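The block underneath contains the structure these notes are about, expressed in structure tokens.
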Amino acid sequence: MKKKVWISIGVILLILVLVGVNVIKALNKENLAVETVSVEEREITGNVMVPGTLSLSQEDFVYLDPENGEVSEILVKAGDKVEEGTPLLRYENEQLQLEKEQNALSIESSYLRINQIKEQIDDLDDKEDDLEKQVGKKEAKKQIDAERDQLEIDLKVADIEARQVLLQKETLEKKLNLLEVKSEMAGTVLSIDENAVKGITQTPILHIGKTDEYVVKGFISEYDSLKTDEKQPVILRSDVIPDKEWKGTVTKVSLLPEQTENGMGTEDAAVQYPIEVSIEAKDIEAKPGFKLIMEIETEKRHVQAIPLEAVKQDGEEYYVFVVKDGKAIRKEVKMGVTSEEFMELKSGLEKGEEVIINPPDQLQNDMEVSVK
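Quick note on numbering: UniProt numbering labels position 37 of the sequence shown as 37, and the sequence is numbered without any gaps.
Shown next as structure tokens:
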């Protein structure tokens, strides 16, 4: 009886083993299914991502100038539109006004002196006739010639003095013109600081800016400065307004790096170059001061490229799997410029090879696969 039981158990175990072996064989026959894409030439764009700050394209600040005196009147108010040359404020300077009056008296005195000398010269002929009757013609001529020479010298001196006071007048007029400060640009008066008018703070009295034109200002690294140039297209985005983007153009890449406050850098400090990007749109939801991301298109060319999802990385090396004779073959590749979707292929693959995209983790070199 026991012998029959053991025989039955043995038969059952044998059946289970055979079933397991058959299942494993069946599974092995089902190759791993993968998707592929061909290596081919694609247009690839190189981008540089740079943070920036939205700013007015043009703005001007008017500061207190103590040499002009005290501000007597502000001629505009916040929100006013101004043109280039629009009077903004006036200074009052009693000393300059006094000098102006003194100069006017000096000019009048100079002209009186000149006219007086000219009259004296004109009277010399009559004086010579009278003198001839007293001392004779020869002596009279001698005395009158000496007096005429002296009057001619006096007239030249008076002319020089007159020119000097006229030059003083021009200098005073220039100083007086500075008492009325005019706008150097067309724009809008953004703010007026009364404390700055009184000299309490060192902030601007007036802030004027163009509110219909914006630029984005930022900094790029020394590496990116070699790839970035004026007129390159830019896409601008904001985390505050995630569903919006704006087009722009690089308008300025500084030749010199940013200077520190004391004008000296340190060996460990990162070198950064100021950059400006103009915005095509006139009306945008973002406001000055908003932080934006500038995606600068630094280059666009046609190269051999493969999708990013086909590339895997092992340390500092990149590799892909290609399908050859029904098997996955691992190949080392050298990559170049990267865009949002593709990576430039510099070496390692030939045009037309089938590259596996999104290779599964269990995929191994020389493993049999089937293409979906």
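Backbone N, C-alpha and C define an ideal beta-carbon position, used for all residues, glycine too.
Being a predicted model, the structure only gives us computed values, none of them experimental.
Counting only runs of at least 3 residues, the stretch 215-287 fully encloses the following beta strand (DSSP E) elements, listed from N- to C-terminal order: 233-237, 245-253, 272-279.
Residue environment for E276: buried (at least 16 other C-beta atoms within 10 angstroms of its C-beta).
Counting only runs of 4 or more residues that sit fully inside the stretch 36-87, no alpha helix (DSSP H) segment turns up. Bridge pairing for T338: M343 [DSSP]. In the structure shown, D366 adopts coil according to DSSP, grouped into three states. In the structure shown, I153 falls within a helical segment according to DSSP collapsed to helix, strand and coil.
A straight line joining the alpha-carbon of D126 with that of R148 spans about 13 Å. DSSP places Q304 inside the beta strand (DSSP E), whose first and last residues are 291-307. Contact annotation: T201 and V48 have beta-carbon atoms that are not nearer than 7 Å. If you check the CB distance, L56 and G209 come in under 7 Å.
Across the structure, Q164 and Q150 are spaced so that their CA atoms are roughly 21 Å apart. Using a Cβ-Cβ distance cut-off of 8 Å, the stretch 209-224 and the stretch 90-110 are not in contact, since fewer than three pairs of beta carbons, one from each stretch, lie closer than that value.
Three or more Cβ pairs closer than 8 Å define a contact, and the stretch 56-72 falls short of that threshold against the stretch 314-326.
Judged by beta-carbon spacing, V82 lies within the 7 Å limit of S183, meaning their Cβ atoms are closer than that value. DSSP places S191 in the uninterrupted beta strand (DSSP E) bounded by 187-192.
By the Cβ neighbour-count rule, Q134 is exposed, with fewer than 16 other Cβ atoms within 10 Å of its own. In the three-state reduction of the DSSP assignment, I357 falls in the strand class, which pools E and B. According to the DSSP secondary-structure assignment, Y111 is paired through a beta bridge with no residue.
In the pairwise beta carbon analysis, the stretch 155-175 is classified as not touching the stretch 37-44: fewer than three pairs are separated by under 8 Å. As the crow flies, the alpha-carbon of M185 is around 55 Å from that of A310. When the Cα atoms are used, T298 and T45 turn out to be separated by approximately 7 Å. Here DSSP, grouped into helix, strand and coil, assigns E213 to coil. Excluding five sequence positions before and after V197, the CB atoms of its chain that fall closer than 6 Å to its own CB belong to V71, I205, given in chain order.
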